[in-house]
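In this note's numbering, the protein residues as written are 8 to 89. Just so it is clear, CB atoms sit at the ideal spot from N, CA and C, and this is done for glycine as well. In what follows, a structure is listed as structure tokens, so that the remarks can point back to it.
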């Protein structure tokens, strides 16, 4: 932390993020994407914003649960219903 007061806008906090997609999500999307392409920037998709943009599940809310239902269980419960 530098103690510097910054506005929250296209010239403030949004421009300071290291993630290409996080910067692009806030304002002036095309400018941030073009600048990143020109400078060969890479986005490792480590943040929530980046993963939402590319359609990946995020590890929050219902996305944090890692459960699957066994197909054998479903067959068993169908037999009980009959």
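In its own chain, which residues sit with a C-beta less than 8 Å from the C-beta of residue i, not counting the 5 before and 5 after it?
i          : result
residue 67 : 55
residue 70 : 64
Output needed for residue i: all residues of its chain with C-beta closer than 6 Å, excluding positions within five of it in sequence on either side, in chain order.
i          : result
residue 31 : 39 and 40
residue 26 : 50, 54 and 57
residue 1  : Because residue 1 is not part of the residues shown, which for the chain are 8 to 89, the question remains open.
With DSSP as the reference, label residue i as helix, strand or coil.
i          : result
residue 66 : coil
residue 38 : helix
residue 57 : helix
residue 71 : helix
Taking C-alpha atoms, which residue in the options lies nearest to residue i?
i          : options           : result
residue 34 : 15, 59, 63 and 47 : 15
residue 28 : 11, 52 and 10     : 52
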